[in-house]
Every structure is written in C-alpha cells, then in structure tokens.
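K.L.:
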Amino acid sequence: MIRINNLNKYYNKGKKSEQCALNDVNLEFGNTGLVCILGESGSGKTTLLNAIGGLDDFSGGSIEINGTKLTGYSPKLTDAIRNEHFGYIFQNYYILKDYTVGYNVKLALNRYDLTEEEKNERVDYILDMLGILKYKKKVVSKLSGGQQQRVSIARALVKAPNIILADEPTGNLDEENTLKTMMILKNISKECLVIVVTHEKRIAKFFADRIIQVSDGKIVSDKVNNATAYERSDDSNIYLKEYEQEIIDDKYAEFKLYHKKDDIPEKIRLNFVFKDGKLYIQNLSENDLVIANVENGVQILDEERPSLDAQDVDNFEYNLSRLDEKKNAGLPFREIWHMAMANIAALGKKQRFMVIILLVSAILLSITTAKYVNDKVIDEAAIVTSDSHCLKVNLENTDIFNEDEHMDMHEFINKYLNNKKYGDIICQNTSGMYIEGRTFTQIKS
Ligand code: ADP
Ligand code: MG
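Going by my numbering, the sequence shown runs without a break in its numbering and finishes at 482.
(1) Within 10 Å of its beta-carbon, does GLY314 have 16 or more other beta-carbons around it, so buried, or fewer, so exposed?
(2) Name the two residues that bound the continuous beta strand (DSSP E) containing ASP286.
(3) Reducing DSSP to helix, strand and coil, say where LEU307 ends up.
(4) Between which residues of its own chain and THR235 is the CB-CB distance below 7 Å, once the five residues before and five after are set aside?
(5) Is THR235 near the ligand MG, in the sense that its beta carbon is under 6 Å from a heavy atom of that ligand?
(6) For ALA399, count the other beta carbons within 10 Å of its own beta carbon; 16 or more makes it buried, fewer makes it exposed. Which is it?
(7) Who are GLY124's beta bridge partners in DSSP?
(8) Identify the continuous alpha helix (DSSP H) that holds SER189 and give its terminal residues.
(9) Between which two residues does the alpha helix (DSSP H) harbouring GLN348 extend?
(10) Would GLY81 pass as a contact of VAL251 if the rule is Cβ separation under 7 Å?
(11) Reducing DSSP to helix, strand and coil, say where LYS50 ends up.
(12) Rounded to a whole number of angstroms, what is the C-alpha to C-alpha distance between LYS364 and THR152?
(13) Taking Cβ to Cβ, would you say ARG187 is nearer than 7 Å to ILE169?
(14) Give the single residue among GLN319, LYS238, ILE89 and ALA245 whose Cα lies nearest to the Cα of ILE221.
(15) Could you check how far apart the C-beta atoms of ASN333 and VAL327 are, in whole angstroms? I think they sit under 8 Å.
(16) From the DSSP output, which residues share a beta bridge with ILE41?
(17) Count the other C-beta atoms from every protein chain shown that fall within 10 angstroms of the C-beta of ALA117, then say buried if there are 16 or more, exposed otherwise.
(18) What separation, rounded to the nearest whole angstrom, lies between the Cα atoms of ALA290 and LEU277?
(19) Using a Cβ-based criterion (distance less than 6 Å to any ligand heavy atom), does GLY51 qualify as near the ligand ADP?
(20) Quick one: Cα of ASN60 to Cα of ASN45, how far?
(21) Look up ILE169 in the DSSP assignment and say whether it is helix, strand or coil.
(22) Tell me whether the stretch 334-342 and the stretch 209-217 touch, counting them as touching only if at least three CB pairs, one residue from each stretch, are closer than 8 Å.
(23) What do you reckon, are the CB atoms on LEU357 and SER226 nearer than 7 Å?
(24) Could you give the uninterrupted runs of the beta strand (DSSP E) lying entirely in the stretch 104-163, keeping only those of 3 residues or more?
(25) Check whether the Cβ of LYS238 sits closer than 6 Å to any heavy atom of the ligand ADP, and report yes or no.
(26) Alpha helix (DSSP H) containing PHE244: first to last residue?
(27) What does the alpha-carbon distance come out to for the pair CYS57 and ILE89?
(28) What are the boundary residues of the beta strand (DSSP E) that THR218 is part of?
(29) Residues bridged to GLN388 by DSSP?
(30) Which residues have a Cβ closer than 6 Å to any heavy atom of the ligand GDP, listed in chain order?
(31) Taking the alpha-carbon of ILE318 as reference, which of ASN324, ASP325 and VAL310 has the nearest alpha-carbon?
(32) Between the C-alpha atoms of ASN42 and THR105, what's the straight-line distance to the nearest angstrom?
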C-alpha cells in the first residue's frame with residue numbers, strides 16, 4: 038500500500054529557474070493492479086515515480102510505503118524499502134553495460150536464498166519470456182537500445198518484487214515486444230502493484246486497471262479503466278471487413294470498390310486495356326495509384342483486423358514465483374567490487390584520475406593510521422615481566438612527574454635512568470621502551 042499526501046517537488050528552489058514539478062499530489066495505491074500514469078512530456082510523471090521509488094527527494098508532503106512514512110530524503114530508510122519492495126524499470130537503471138546480460142540479471146537475485154541452479158533457471162525463464170535468452174552471454178553495451186531496455190525489464194522482474202515502477206518501459210520497443218512486456222506486467226499485476234508511466238494512450242487504454250492523468254505536476258483525472266480492444270499500430274495492411282463494399286459486375290469485369298463509411302471517393306475513372314494477355318491500367322483520377330503487395334508493405338486481406346482482447350491477456354502464461362528475502366543479505370564483495378569498477382570505467386579521464394588519486398590517498402592514510410595505532414597500543418603479552426631483561430621502576434612516590442607529566446621518553450631516560458645501575462641491570466635507551474603513567478616497562482622487540 039502506498040499513500041501519497043500533499044506531495045510537492047520544486048527543482049532549483051529559490052533560484053530564478055525554480056520549477057514546480059509536483060503540485061500538491063495526493064494518491065493511494067493498493068497492493069495489486071496495473072496503474073498507468075499518463076501525461077504529456079514534461080508533466081511530472083518521472084518526477085512522481087522517482088519520488089515514490091526513493092530515487093529523488095521531494096520538497097514537501099509525505100509518502101507512506103507499506104507502513105513506513107517518508108517525509109523527506111532519507112537514503113538509509115529508502116534503501117531498505119527499495120531493496121525490500123521495489124523493482125525498477127527505468128531506462129538503463131542499474132545496468133552494468135560492460136557485463137553480460139546474464140550477469141546483470143542474476144545480480145538482482147543476490148539477496149535471495151537460491152542455489153546457482155535455481156538462479157540460472159529464473160534468469161533463463163525471464164530472458165526467454167522477453168525474447169533475449171539468445172543474448173544471455175553478450176555484453177550489454179553491444180546490444181541495441183530496445184534489447185538493453187529488455188535487459189532492465191528482466192532485471193526488475195526476475196526477483197518478482199511487491200511493487201514495480203516502470204518509466205516508459207516500452208519506449209524503445211517495437212510493437213511485438215511492447216505487447217510482450219505489457220502482457221507480462223499485466224499478468225504479474227494480479228499479485229503485485231505495477232505503476233507504469235507512459236505517454237501512449239493506446240497502451241494505457243488496453244492494459245491499465247486505473248489511469249491517472251498528470252498535467253503540469255497536478256493530478257487532473259484518476260479513473261478506473263474499462264479496457265477496450267488493442268489494435269496493433271504497426272499493421273499497415275488493409276482489412277476488407279472494416280470497409281463498405283460496392284460491386285460493379287459486368288460481362289467482362291467485376292469491380293469491387295471498398296471505402297470507409299464516411300470516406301466516399303470522387304468518381305473513380307480508370308482505363309483498363311487488355312493486350313497480349315497483359316492488363317494495362319491508366320489512372321484518370323486525381324488519386325495516386327498504389328499496387329498492394331508484400332513488397333510495398335501493404336496487403337489487402339479479406340478478414341478482420343487482428344486485435345488483442347481481455348481473453349488474450351488472461352490466456353497469456355507467465356509464471357515466476359515470489360521469493361523470500363534472505364536475512365541481512367547484502368551484495369557479496371565481488372559484486373560490489375565489480376560495480377565499483379564498472380562505475381569507475383564509466384567516468385571520464387579527468388574524473389578517473391581524481392578517483393585514483395583519492396584511492397591512493399586513502400590507502401596511504403590507512404597505512405599511516407594503522408602504524409600509528411600499532412605503535413601506540415602495547416600488547417600486554419609483549420611486556421617483559423620475568424626474564425633477565427625485565428625492568429620495573431616504580432616512580433609512584435617520586436617527584437619526577439611533578440615537573441612534566443608527559444616528558445619525552447628519551448629525555449626521561451637520559452635524565453633519570455641512562456647508564457645507571459639497577460641491581461645487575463644497566464638501563465640503556467632502546468626503541469622498545471615505553472613510558473605509561475608512572476611505571477616503566479620494557480617490551481620484547
Ligand atoms: P515527464 O516525465 O512527465 O516528461 P519530468 O518529471 O521529467 O516530466 O519533468 C517535469 C518537469 O520538471 C519538467 O518541466 C522538467 O523540465 C522539470 N525537470 C525535470 N527534471 C529536472 C531537473 N533535474 N532539474 C530541473 N528541472 C527538471
Ligand atoms: Mg519522463
């Protein structure tokens with residue numbers, strides 16, 4: 038359950054270029070269903086989704102996610118919520134471009150108690166559903182935009198999260214992959230909440246259970262959607278069942294004229310000449326003459342235009358079980374290292390140089406600190422207590438320290454101990470001597 042109260046977001050607040058991207062937004066989302074957020078470019082859709090997903094801060098109001106209330110930017114809290122609940126389908130979000138498709142998708146399963154075999158099975162399943170299994174071993178950067186988009190969809194879906202946030206998930210995809218992706222999202226929305234940001238009305242109209250319209254950062258409409266049939270957009274074929282029909286039947290020729298009800302042509306004037314077994318056509322009308330065939334990309338088919346309906350969505354099979362999260366599981370060191378390296382690789386030359394300088398400084402600082410601490414901390418086991426080198430001088434009752442509590446060791450030895458005889462021992466200034474408080478001890482070096 039997500040509850041958004043009086044959410045506001047300003048970009049460049051207090052500056053001349055200040056812009057209100059979210060204006061007092063109030064919304065509630067249940068635990069299941071597919072909600073589409075529709076709106077023109079620049080209306081605030083991405084800003085809203087980023088705020089819900091904790092990917093960006095907001096200027097006012099609150100967002101409550103499954104009982105946890107966020108009133109501002111709280112990276113630790115949002116990280117925890119993010120890992121537990123969200124799957125993101127944002128363009129190239131969190132994709133390591135220099136790694137393989139399989140590696141990227143499997144990374145999302147690190148938090149879960151699964152065997153390697155179970156992980157591979159899930160990865161293969163989702164890649165296959167999205168039609169990119171054949172690219173599993175390919176490096177992401179070598180793929181097309183649409184293929185990369187499907188990798189980020191696979192990454193978000195492989196762990197079967199509670200809430201899926203998708204920002205224009207089909208923006209880079211052709212019609213076939215758009216339908217496949219939306220069918221999957223629709224299918225999983227029976228069990229989890231899917232919020233899809235889109236500017237394509239056709240998609241929202243067919244797939245959404247609810248459509249929220251955004252304009253200038255405001256919610257302008259929020260309605261339950263009764264899905265209408267989906268007509269494919271890339272289908273330029275002519276389906277005769279959609280047309281009115283006129284027949285001119287003569288001794289030598291039968292002509293059928295098809296036209297839309299409210300699209301009646303001017304009188305069509307054509308000369309047909311039959312000569313040596315061939316048919317010659319002369320067009321005397323204003324209209325262009327187009328021969329319909331496969332090469333021209335237009336076929337005339339005596340059938341209904343194919344479309345999707347609710348039944349097709351219901352019959353679509355998709356089956357990826359929900360997962361129990363591993364307790365206290367973070368990413369293994371190897372993955373963190375890989376990600377860090379990938380991020381560094383993505384930097385420019387100058388930035389990379391700065392990172393390397395910073396790393397070297399950090400390593401030097403660590404070494405110096407470790408040495409300092411090591412020198413300061415005396416291992417009690419190393420204090421000589423029993424052999425012939427043992428020397429204990431109790432200065433409790435002397436007035437040596439009255440002069441200076443923190444006297445330099447060498448100065449102290451020179452002043453009070455050096456070359457003096459204590460029983461059989463002659464005290465010599467060595468590097469393993471320390472003064473602590475008012476007792477004098479020697480450690481094995
Ligand atoms: P949408 O996703 O609907 O296209 P956005 O949420 O990306 O819209 O943007 C909403 C408004 O906020 C736009 O006018 C955009 O110019 C502005 N905006 C978005 N991101 C920033 C940013 N980082 N800095 C300044 N203005 C921004
Ligand atoms: Mg956007």
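For every residue, glycine included, the Cβ atom is placed at its ideal position computed from N, Cα and C. For clarity, every value in this text was computed on a predicted model and none was experimentally measured.
P.N.:
If we stick to the structure as given:
(1) Translated into the one-based positions of the sequence shown, residue 314 becomes position 277. So GLY314 counts as exposed.
(2) For this step, residue 286 is matched to residue 249 along the sequence shown. Note, ASP286: beta strand (DSSP E), 281-286.
(3) Within the sequence shown, numbered from 1, the residue matching residue 307 stands at position 270. Of the three classes helix, strand and coil, the one that applies to LEU307 here is strand, per DSSP.
(4) As a working mapping, residue 235 is identified with position 198 in the sequence shown. For THR235, where only same-chain residues beyond five positions count, the Cβ hits under 7 Å are CYS73, LEU75, GLU205 and ALA241.
(5) Within the sequence shown, residue 235 is the residue found at index 198, counting from 1. Outside the cutoff, so no.
(6) As a first step, residue 399 must be located in the sequence shown, where it is residue number 362. Exposed is the call here.
(7) As a working note, residue 124 is residue 87 in the sequence shown. In the DSSP output, where bridge partners are listed per residue, GLY124 has ILE201.
(8) For the purposes of this step, residue 189 is taken as the residue at position 152 of the sequence shown. Note, SER189: alpha helix (DSSP H), 182-194.
(9) Locating residue 348 in the sequence shown gives position 311, where the first residue counts as 1. Run containing GLN348: 347-352, per the alpha helix (DSSP H) assignment.
(10) Position 44 of the sequence shown, counted from the first residue, corresponds to residue 81. Position 214 of the sequence shown, counted from the first residue, corresponds to residue 251. Cβ distance < 7 Å, so GLY81 and VAL251 count as in contact.
(11) Translated into the one-based positions of the sequence shown, residue 50 becomes position 13. Looking at LYS50 - three-state DSSP - the assignment turns out to be coil, as it is neither helix nor strand.
(12) One-based indexing of the sequence shown puts residue 364 at position 327. One-based indexing of the sequence shown puts residue 152 at position 115. Here the model assigns LYS364 a pLDDT of 48, short of 50, so the residue's position is not dependable, and the following value carries that caveat. Distance between the alpha carbons of LYS364 and THR152 is about 16 Å.
(13) Sequence index remark: in the sequence shown, residue 187 carries index 150 (1-based). Sequence index remark: in the sequence shown, residue 169 carries index 132 (1-based). Cβ distance < 7 Å, so ARG187 and ILE169 count as in contact.
(14) Taking the first residue of the sequence shown as 1, we reach residue 221 at position 184. With distances taken between Cα atoms, ILE221 lies closest to ALA245.
(15) Counting from one through the sequence shown, the residue named residue 333 turns up at place 296. Counting from one through the sequence shown, the residue named residue 327 turns up at place 290. ASN333 to VAL327, Cβ: 7 Å. Contact.
(16) Residue mapping note: residue 41 aligns to position 4 of the sequence shown, counting from 1. Paired residues: LEU64 and ILE100.
(17) For this step, residue 117 is matched to residue 80 along the sequence shown. Result: exposed.
(18) Sequence index remark: in the sequence shown, residue 290 carries index 253 (1-based). Sequence index remark: in the sequence shown, residue 277 carries index 240 (1-based). Going by the C-alpha atoms only, they are around 20 Å apart.
(19) As a working mapping, residue 51 is identified with position 14 in the sequence shown. No, since every heavy atom of the ligand ADP falls outside the 6 Å radius drawn around the Cβ of GLY51.
(20) Walking along the sequence shown from the start, residue 60 turns up at place 23. Walking along the sequence shown from the start, residue 45 turns up at place 8. C-alpha separation (whole angstroms): 5 Å.
(21) Residue numbering aside, residue 169 sits at position 132 when the sequence shown is read from its first letter. Looking at ILE169 - three-state DSSP - the assignment turns out to be coil, as it is neither helix nor strand.
(22) no
(23) Reading the sequence shown from its first residue, position 320 is the one you call residue 357. Reading the sequence shown from its first residue, position 189 is the one you call residue 226. In this structure, SER226 does not lie closer than 7 Å to LEU357 by Cβ.
(24) 105-107 and 123-126
(25) Within the sequence shown, numbered from 1, the residue matching residue 238 stands at position 201. No, the beta carbon of LYS238 sits no closer than 6 Å to any heavy atom of the ligand ADP.
(26) Your numbering for residue 244 matches position 207 in the sequence shown. It spans 238-244 - the alpha helix (DSSP H) in which PHE244 sits, taken as one unbroken run.
(27) The residue you call residue 57 lines up with position 20 of the sequence shown. The residue you call residue 89 lines up with position 52 of the sequence shown. The straight-line gap from Cα to Cα measures roughly 17 Å.
(28) Taking the sequence shown and counting its residues from 1, one reaches residue 218 at position 181. Taken as a continuous stretch (DSSP letters only), THR218 belongs to no beta strand (DSSP E), being part of the alpha helix (DSSP H) at 212-225.
(29) Sequence index remark: in the sequence shown, residue 388 carries index 351 (1-based). Bridge partners of GLN388: none, in fact.
(30) Questions concerning the ligand GDP fall outside what the structure shown contains, since the ligands it does hold are the ligand ADP and the ligand MG.
(31) Locating residue 318 in the sequence shown gives position 281, where the first residue counts as 1. Closest by alpha carbon: VAL310.
(32) Locating residue 42 in the sequence shown gives position 5, counting from the first residue. Locating residue 105 in the sequence shown gives position 68, counting from the first residue. If you take the alpha carbons of ASN42 and THR105, they lie about 13 Å apart.
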